[in-house]
Amino acid sequence: MLFLKVIAGLPVFATFLTMGLGHPVNVEIDPRSLKSSPFNPSIPVPEVAPSDLPSNLTASIDGNELRARGMVYRPTVGYFAGFNVGAYTNSGACKSLQDWRNELKQVKAYRSSHFSFTVVKLFTTSQCSALKNALQAAKEVGGIKVWAGLWATPRATFDSEKNELGRQILGSNGNLILGVSVGSEELFRGGLSSSQLAGYIWDVKGMVQNSYGKTNVPIGTSEGIAPLLNSANQQVLDASDAVLLTSYPYYGGCRVDLALKAFQQGWWALGAKMAGKTLIVGETGWPSKGKTVGQAVPTVPNAKQYFKAIACWMRTTGKPFFWFSAVDELWKSGGLAETRFGVSWTNGVKKYALSC
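According to mature numbering (1 follows the signal peptide of the UniProt record, and there is no 0), the sequence shown holds residues -22 to -1, 1 to 334 in order.
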């Protein structure tokens, strides 16, 4: 059973009563109270105006209009394994195209007898020309697709992010966009209301699937489990083709040997609400260094144990996932653990085998 306790202004916790355990597993299932943003606000977001888009851009279509026309598409995706990839170097500067080439080559080289990592997920389209450069690098490296992420606040940023998505999805590398995530934990952070986020998702669906005819590209959002289980946010699930779940048992102080059980309970609770839509792990991982949180200890052996438990369960059950993250990110300022979620050190050496 899953019990949720929500306290205004405080982290959201869940108690997972799991079979075979002698006691409840208390897990903070929404991690952003401790985890910093993957978006660097110190780097300007370029203004991408609609006039900069190809001439066949048409106005956005909202959800009510799409439903009235019988034009609601619900594309899905099957199993894949991938990584979250940021737009910044270790100094916090924008990655160059060559940086993207190097990182995607590294992701491709992570292939093992159990995993082929074929998708990378971004957090921004326009900042640092992230989507443009990632798509070009993916084309050159081969065997990699991109899940585009739009930063959704403030409104001017969303408009630029959406317009850049439009430019790239109609460009020569647009066929490499596997899916789109609108916002990153907007409900948990309070960046957008449920109705606003649902409206943004319908907006992007109208552009991508209806105006541009990319009916095979799922559109959704990335969010923690507590807001997604809240019935007040059902309209976000209704708007989404795919939901990308953010789950970090480490930030809930969960012992690593209990993390799989806690993770599964959250997954199953949310899966029951998905009504045939695609549920994807958008972010999960375990740091190799940093502060101990409750009974969650950040070490290389624990990071390896967590990967083997979660990623191998996802693989054997055919559930798509994005691991966080491909490489350590030293630019972050939220504490040592924040910088040490990579499966490899900054020199490219893997911390542990990516196998089952």
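Just so it is clear, CB atoms sit at the ideal spot from N, CA and C, and this is done for glycine as well. Owing to the predicted nature of the structure, the values given are computational and were not obtained by experimental measurement.
Three-state secondary structure (DSSP) of residue i
i, result
"residue -19", "Interpretation of residue -19 is limited by its pLDDT of 28, a score under 50 that renders its predicted location unreliable; the figure taken from the coordinates is listed afterwards. Residue -19: strand per DSSP, three-state reduction."
"residue 328", "strand"
"residue 87", "helix"
"residue 179", "helix"
"residue 35", "Note on residue 35: pLDDT 46, under 50, position unreliable in the model; no value is reported."
"residue 63", "coil"
"residue 290", "helix"
"residue 173", "helix"
"residue 333", "coil"
"residue 25", "coil"
"residue 241", "helix"
"residue 136", "helix"
"residue 271", "strand"
"residue 301", "strand"
"residue 209", "helix"
Between the CA atoms of residue j and residue i - distance to the nearest angstrom
i, j, result
"residue 95", "residue 260", "14 Å"
"residue 43", "residue 179", "14 Å"
"residue 243", "residue 45", "33 Å"
"residue 49", "residue 182", "14 Å"
"residue 190", "residue 135", "22 Å"
"residue 257", "residue 53", "12 Å"
"residue 184", "residue 331", "42 Å"
"residue 140", "residue 323", "33 Å"
"residue 58", "residue 165", "26 Å"
"residue 71", "residue 47", "45 Å"
"residue 115", "residue 79", "5 Å"
"residue 325", "residue 173", "44 Å"
"residue 89", "residue 230", "30 Å"
"residue 8", "residue 227", "For residue 8, the predicted structure reports a pLDDT of 40, less than 50, and the residue's modelled location is therefore unreliable. The matter cannot be settled from this model."
"residue 87", "residue 21", "30 Å"
"residue 200", "residue 117", "25 Å"
"residue 18", "residue 327", "25 Å"
"residue 67", "residue 194", "32 Å"
"residue 74", "residue 126", "18 Å"
Beta bridge counterpart(s) of residue i as assigned by DSSP
i, result
"residue 199", "221"
"residue 72", "66"
"residue 162", "200"
"residue 128", "160"
"residue 258", "222"
"residue 95", "59"
"residue 155", "124"
"residue 281", "Per DSSP, none; premise fails for residue 281."
For residue j and residue i, believed in contact at Cβ under 8 Å, the rounded distance
i, j, result
"residue 223", "residue 288", "About 12 Å; that fails the 8 Å criterion."
"residue 290", "residue 334", "4 Å"
"residue 16", "residue 162", "7 Å"
"residue 217", "residue 176", "4 Å"
"residue 122", "residue 158", "Actually they are not in contact, since the Cβ atoms of residue 122 and residue 158 sit about 17 Å apart, beyond 8 Å."
"residue 278", "residue 255", "That belief does not hold up - the Cβ atoms of residue 278 and residue 255 are roughly 36 Å apart, past 8 Å."
"residue 293", "residue 93", "7 Å"
Cβ-Cβ distance between residue i and residue j below 9 Å
i, j, result
"residue 274", "residue 234", "yes"
"residue 62", "residue 98", "yes"
"residue 112", "residue 143", "no"
"residue 285", "residue 263", "yes"
"residue 315", "residue 272", "no"
"residue 65", "residue 105", "yes"
"residue 107", "residue 309", "no"
"residue 119", "residue 147", "no"
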